[in-house]
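A.B. asks: Starting off with a structure, shown below.
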Amino acid sequence: MGVERRRWCVAAMLAPIRPGASFPRAAWPAHVTLASNLRVDDPDALPAVVDRALRGAGSLDARIGRMAWFGERGGVPVLLVASPGIERAHERLATALVRQPGFAADAPRHWRSGYRAHLTLGPAVVPPSGAWLTVACVAIVRLEGPQADVESVLAPPDRD
């Protein structure tokens, strides 16, 4: 019987966050997920893999779109966002991450053509005012039980 591998997420955070920050998975700070619920054999390689994949993706800042409902039962409120940089970042991350030994995604249907960039609205998220989201940093987050723990933080790609 093998060791249970941890889940990871790569998220564009709207406010600065530091490695070591921890929060309930049900109350994420404002973010746009770039790569969701994945597992790899060597999580120590994730910061370098993510950094290389995001280089040249362009700005992750996004225009706020309409409200939608996600989740298996359609009960999770989100704001869709539009950003060529976020779309490029997701594609580049998907390409880089699937090459990692032991890669597995919990919900592969939400990757590549199934990816829809969005800001999840929840107890810890104040809906932004204005038409644009500005990304402060990119976080690599370990998902364990009900907690999410920030393991690494990267600067966002250069703004065009």
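The opening position of the sequence shown corresponds to residue 1 in our numbering, with each subsequent residue numbered one higher.
Don't be surprised by glycine CBs; every beta carbon is placed ideally from N, CA and C.
For clarity, every value in this text was computed on a predicted model and none was experimentally measured.
1. Helix or strand or just coil, what does DSSP make of V98?
2. Which residues does DSSP list as the beta-bridge partners of H31?
3. For P178, which residues does DSSP report across the bridge?
4. Using only the alpha-carbon positions, how far apart do P29 and A124 sit?
5. Please report the residue range of the alpha helix (DSSP H) in which L46 lies.
6. By the three-class DSSP mapping on this structure, what secondary structure does A107 have?
7. According to DSSP, which residues form a beta bridge with S22?
8. Look at A45 and A94 and say whether their C-beta atoms are less than 8 angstroms apart.
9. By the 10 Å Cβ neighbour count, where 16 or more other Cβ atoms means buried, how is A68 classified, buried or exposed?
10. Quick one: is P157 near chain D, going by C-beta distance under 8 angstroms?
11. Check for me: the beta strand (DSSP E) holding V138 runs from which residue to which?
12. Nearest by alpha-carbon distance to A15: which of L133, D51, R88 is it?
13. In or out: V126 buried (at least 16 other Cβ within 10 Å) or exposed?
14. Just the Cα atoms here: how many angstroms apart are P108 and P24?
C.D. replies: According to the structure data:
1. Reduced to three states, the DSSP call for V98 is helix.
2. Residue pairing of H31 in beta bridges, as defined by DSSP: M13.
3. Any question about residue 178 goes unanswered here, given that the chain covers just 1 to 160.
4. 6 angstroms
5. 46-54
6. Under the three-state reduction of DSSP, A107 is assigned to coil, being neither helix nor strand.
7. According to DSSP, which records beta bridges pairwise, S22 is partnered with D149.
8. no
9. exposed
10. You won't find chain D in this structure, because it holds only one protein chain.
11. Residues 137-144.
12. L133
13. Classification of V126: exposed, given that the 10 Å Cβ count is below 16.
14. 23 angstroms
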